[in-house]
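Asker: Note that this note's numbering has the sequence shown beginning at 12, numbered continuously upward. Backbone N, C-alpha and C fix where the C-beta goes; we use that ideal spot for every residue, glycine too. What follows is a single structure, and I will ask about it in a moment.
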Amino acid sequence: MPTHSEIQFHSALSTQTDLETASRELNNAIRAQSAAPFFDLALVFFTPHYARVGAFLAENLRRDLTPRVLLGCTSEGVIGKTQEIENEPAIALVVAQLPGVTITPFILDAGNWDEALGDVSQFEGIVDAPLDAKIAIMIGDPFSTPMDDVLRAFNAHYPGLPVIGGMASGAQHSHGNALILNERVHHQGAIGVTLAGNFDVDVIVSQGCRPIGKLFRVSAARENFLLRLENESALAQIQKLISDLSPPDRELLRNGLFVGRAIDSTKDALGRGDFLIRGVMGADQNSGAVAIGDVIAPGETIQFHLRDQVTAEEDLAMMLMPQSLDAPPRGALLFSCNGRGTRLYDHPNGDISIIQKILGGVNLAGFFCAGEIGPIGGKNFLHGHTASMVLFRPHT
């Protein structure tokens, strides 16, 4: 039984279409779990049906639950404790009591990217993370946020600090997403919090892929083009790889071919968690060059990968299993690609059912993202097709 001096999380989900009714349902669900007069942190994720009333949602949550910091955004789908809601109105909420934890909110404004990202003191002044920060949670607008550059700045200025989160997915055009930080609603840029103090975190980034073929050294590359692998044209190497695949694996190529960039090419043995997965975008038959979804340099080590439902299930379960040997987490946040859900699985609640089967009923909330944020090999990256998750426990 947790004590009041330990961290506690409570979660709620509403599918009511009327905002006031949904707000009451969320409040009642939280109050059934806790009579705390206030909460230190609240995170809310809501579908586009509520986008125009985002300010009123923030007002209701601040009135009813009195969070010290409120963070949230619009998304095309949300994730509750036991359900993933897609293509329907829904609001997912998690609140936390975090005694002894310093919460520092930040805003990265779309109007000052050059200054913020090009000047160490500017960036550190905006984020203002304590030296002992253990996690940063960040939400960005995909139309206005150079998230790769932002994460490079985090990696440079706050080395070792894991950043977890995702890109809002509730709009198809600029200024369409709503990002909530306390009482303010923003429509561009990025918002977040850093947390420091008396708690422990574990971060899980499940890319849902399995390797095929051998490791390749990149002999020649230009920007995002693989030119030569092991001194042969990249396309010729892929064609040889495909010819050696089993018929079932060739079928999986319909889902696309992926390339894993080794985060540390000097490691003696490379396995899951050592590769940053990017998509293979296309090839030039004449030159043999292959385009991928990232910039790559000669000398790097790569391995091609496949993705499917079974692999995604196995990868997520494998990464979660060690967590079942520890004390149950008090709370969690889940940032899942909007290409997962029923776009990946042949049944609803694909990721959350695996998570709860292994972790046993952890209170959480999350959303389907237009890009997921999480660390691989000790550095933070923007991903696709990924489930990024953070688990919170009392400090031991």
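1) Return the CA-CA distance between ILE363 and GLN94, expressed in angstroms with no decimal places.
2) Assign SER155 to buried or exposed, taking buried as 16 or more other Cβ atoms, counted over all protein chains shown, within 10 Å of its Cβ.
3) Reducing DSSP to helix, strand and coil, say where PRO13 ends up.
4) How long is the line joining the alpha carbons of HIS394 and SER45, rounded to whole angstroms?
5) Within 10 angstroms of the Cβ of GLN296, are there 16 or more other Cβ atoms? Answer buried if so, exposed if not.
6) Whole angstroms is fine: what's the gap from ASN463's alpha carbon to ALA164's?
7) So, do the stretch 181-200 and the stretch 56-64 have three or more beta carbon pairs nearer to each other than 8 Å?
8) DSSP three-state label for ASN188, please.
9) What alpha helix (DSSP H) runs, 4 residues minimum, are completely inside the stretch 285-346?
10) Excluding the five sequence neighbours on either side, which residues of its own chain have a C-beta within less than 7 Å of the C-beta of LEU172, listed in chain order?
11) Enumerate in chain order the residues of its own chain whose CB-to-CB distance from PRO405 is below 6 Å, with the five nearest sequence positions on each side excluded.
12) Do you know offhand how far LYS278's Cα is from LYS390's?
13) Can you list, in chain order, the residues of its chain whose CB lies under 6 Å from that of GLU126, leaving out five sequence neighbours each side?
14) Can you give me the C-alpha to C-alpha distance between GLY122 and ALA182, rounded to a whole angstrom?
15) Taking a contact to mean a Cβ-Cβ separation below 8 Å, would you say ILE118 touches LEU72 in this structure?
16) Let me know if LEU355 comes out buried or exposed under the rule of 16 or more other beta-carbons within 10 Å of its beta-carbon.
17) In three-state DSSP terms, what is ILE41?
18) Does GLU99 come out as helix, strand or coil in the three-state DSSP assignment?
19) With VAL55 and ILE102 assumed to form a contact (beta carbons below 8 Å), what rounded beta-carbon distance in angstroms separates them?
20) Contact criterion: CB-CB distance below 8 Å. Does GLN19 meet it with respect to chain C?
21) Can you tell which of PRO359, HIS316, GLN108, THR322 has the C-alpha that lies nearest to the C-alpha of PHE227?
22) Reducing DSSP to helix, strand and coil, say where ASN391 ends up.
23) Compute the beta-carbon to beta-carbon distance between ASP305 and GLY219, rounded to the nearest angstrom, for a pair I have assumed lies under 8 Å.
24) Does DSSP classify PHE20 as helix, strand or coil?
25) Return the CA-CA distance between GLY342 and GLY91, expressed in angstroms with no decimal places.
26) May I ask you to report which of helix, strand or coil DSSP gives GLN108?
27) Note down the Cα distance separating HIS197 from GLN314, rounded to an integer number of angstroms.
28) Start and end of the beta strand (DSSP E) containing PRO170?
29) Since I believe VAL401 is in contact with GLU311 (beta carbons under 8 Å), could you give me their beta-carbon distance rounded to a whole number of angstroms?
30) Determine contact between the stretch 329-342 and the stretch 234-246, defined as no fewer than three beta-carbon pairs at a distance below 8 Å.
31) Going along the chain, which residues of its own chain have a beta-carbon closer than 6 Å to the beta-carbon of THR205, five neighbours each way excluded?
32) Could you tell me whether the Cβ atoms of LEU345 and LEU370 are closer together than 8 Å?
33) Taking the C-alpha atoms as reference points, what is the distance between PRO386 and ILE288?
34) In whole angstroms, what is the alpha-carbon distance linking GLU135 and PRO170?
35) Assign GLY176 to buried or exposed, taking buried as 16 or more other Cβ atoms, counted over all protein chains shown, within 10 Å of its Cβ.
36) What did DSSP end up calling ASP120 once you bin it into helix, strand or coil?
Answerer: Considering the structure as presented:
1) If you number the sequence shown from 1, residue 363 lands on position 352. If you number the sequence shown from 1, residue 94 lands on position 83. Distance between the alpha carbons of ILE363 and GLN94 is about 7 Å.
2) Here residue 155 refers to the residue found at position 144 of the sequence shown. A residue is called buried once 16 or more other Cβ atoms fall within 10 Å of its Cβ, and SER155 is buried on that count.
3) Within the sequence shown, the letter at position 2 stands for residue 13. A caution first: PRO13 carries a pLDDT of 48, below 50, which makes its placement in the model too unreliable to give a value.
4) As a position in the sequence shown, residue 394 is number 383, starting the count at 1. As a position in the sequence shown, residue 45 is number 34, starting the count at 1. Computed Cα separation, rounded: 35 Å.
5) Within the sequence shown, the letter at position 285 stands for residue 296. It is exposed - the Cβ of GLN296 has fewer than 16 other Cβ atoms within 10 Å.
6) In this structure the chain extends from 12 to 407, so residue 463 is not present and cannot be described.
7) At 8 Å Cβ cutoff, the stretches touch.
8) As a first step, residue 188 must be located in the sequence shown, where it is residue number 177. Three-state result, ASN188: coil.
9) Qualifying alpha helix (DSSP H) stretches, in chain order: 320-331.
10) For the purposes of this step, residue 172 is identified with residue 161 of the sequence shown, where counting begins at 1. For LEU172, where only same-chain residues beyond five positions count, the Cβ hits under 7 Å are ALA140, ALA144, ALA147, PHE165.
11) The residue given as residue 405 occupies position 394 in the sequence shown. Answer for PRO405: GLU17, ILE18, listed in chain order.
12) Counted from its first residue, the sequence shown places residue 278 at position 267. Counted from its first residue, the sequence shown places residue 390 at position 379. Rounded to whole angstroms, the gap between the alpha carbons of LYS278 and LYS390 is 16 Å.
13) Here residue 126 corresponds to residue number 115 of the sequence shown, with the count starting at 1. Excluding positions up to five away in sequence, the list reads GLN133.
14) Here the question's residue 122 lines up with position 111 in the sequence shown. Here the question's residue 182 lines up with position 171 in the sequence shown. In a straight line, the C-alpha of GLY122 is about 20 Å away from that of ALA182.
15) Counted from its first residue, the sequence shown places residue 118 at position 107. Counted from its first residue, the sequence shown places residue 72 at position 61. No, Cβ-Cβ distance for ILE118 and LEU72 is not below 8 Å.
16) In the sequence shown, the residue the question calls residue 355 occupies position 344. Buried, by the Cβ-count rule.
17) Here residue 41 refers to the residue found at position 30 when the sequence shown is read from its first residue. Residue state for ILE41 is assigned as helix, using DSSP reduced to three classes.
18) On the sequence shown, position 88 is the one that residue 99 refers to. Reduced to three states, the DSSP call for GLU99 is coil.
19) Here residue 55 refers to the residue found at position 44 of the sequence shown. Here residue 102 refers to the residue found at position 91 of the sequence shown. About 6 Å; that satisfies the 8 Å criterion.
20) This model lacks chain C altogether; it includes just one protein chain.
21) Counting from 1 along the sequence shown, the entry for residue 227 is found at position 216. Considering only alpha carbons, the answer is HIS316.
22) Position 380 of the sequence shown, counted from the start, is the residue given in the question as residue 391. Strand.
23) Sequence index remark: in the sequence shown, residue 305 carries index 294 (1-based). Sequence index remark: in the sequence shown, residue 219 carries index 208 (1-based). For ASP305 against GLY219, the beta-carbon gap comes to about 17 Å, at or over 8 Å, which does not count as contact.
24) Locating residue 20 in the sequence shown gives position 9, where the first residue counts as 1. Three-state DSSP puts PHE20 in a strand.
25) On the sequence shown, residue 342 is found 331 positions in, with the first residue counted as 1. On the sequence shown, residue 91 is found 80 positions in, with the first residue counted as 1. Computed Cα separation, rounded: 12 Å.
26) The sequence position of residue 108 within the sequence shown is 97, counting from 1. Residue state, collapsed to three classes: strand.
27) Position 186 of the sequence shown holds residue 197. Position 303 of the sequence shown holds residue 314. Approximately 40 Å, taken between the alpha carbons.
28) As a working note, residue 170 is residue 159 in the sequence shown. Premise fails: PRO170 is in no beta strand (DSSP E) and is neither H nor E.
29) Mapped onto the sequence shown, residue 311 falls at position 300. Mapped onto the sequence shown, residue 401 falls at position 390. Taking C-beta atoms under 8 Å as the contact rule, GLU311 and VAL401 fail to qualify, at a distance of about 28 Å.
30) Output reads no: the stretch 234-246 does not touch the stretch 329-342.
31) In the sequence shown, residue 205 corresponds to position 194, counting from 1. These residues qualify, in order along the chain: THR115, ALA140, ALA144, ALA147.
32) Counting from 1 along the sequence shown, the entry for residue 345 is found at position 334. Counting from 1 along the sequence shown, the entry for residue 370 is found at position 359. Cβ atoms of LEU345 and LEU370: not closer than 8 Å.
33) Here residue 386 refers to the residue found at position 375 when the sequence shown is read from its first residue. Here residue 288 refers to the residue found at position 277 when the sequence shown is read from its first residue. Taking the CA atoms as reference points, PRO386 sits about 12 Å from ILE288.
34) Taking the sequence shown and counting its residues from 1, one reaches residue 135 at position 124. Taking the sequence shown and counting its residues from 1, one reaches residue 170 at position 159. Those two C-alpha atoms are separated by around 12 Å.
35) Here residue 176 refers to the residue found at position 165 when the sequence shown is read from its first residue. Counting C-beta atoms within 10 angstroms of its own C-beta, GLY176 has 16 or more neighbours from the protein chains shown and is therefore classed as buried.
36) Numbered from 1 along the sequence shown, position 109 holds the residue referred to as residue 120. In this structure, DSSP gives ASP120 a state outside helix and strand, which the three-state scheme calls coil.
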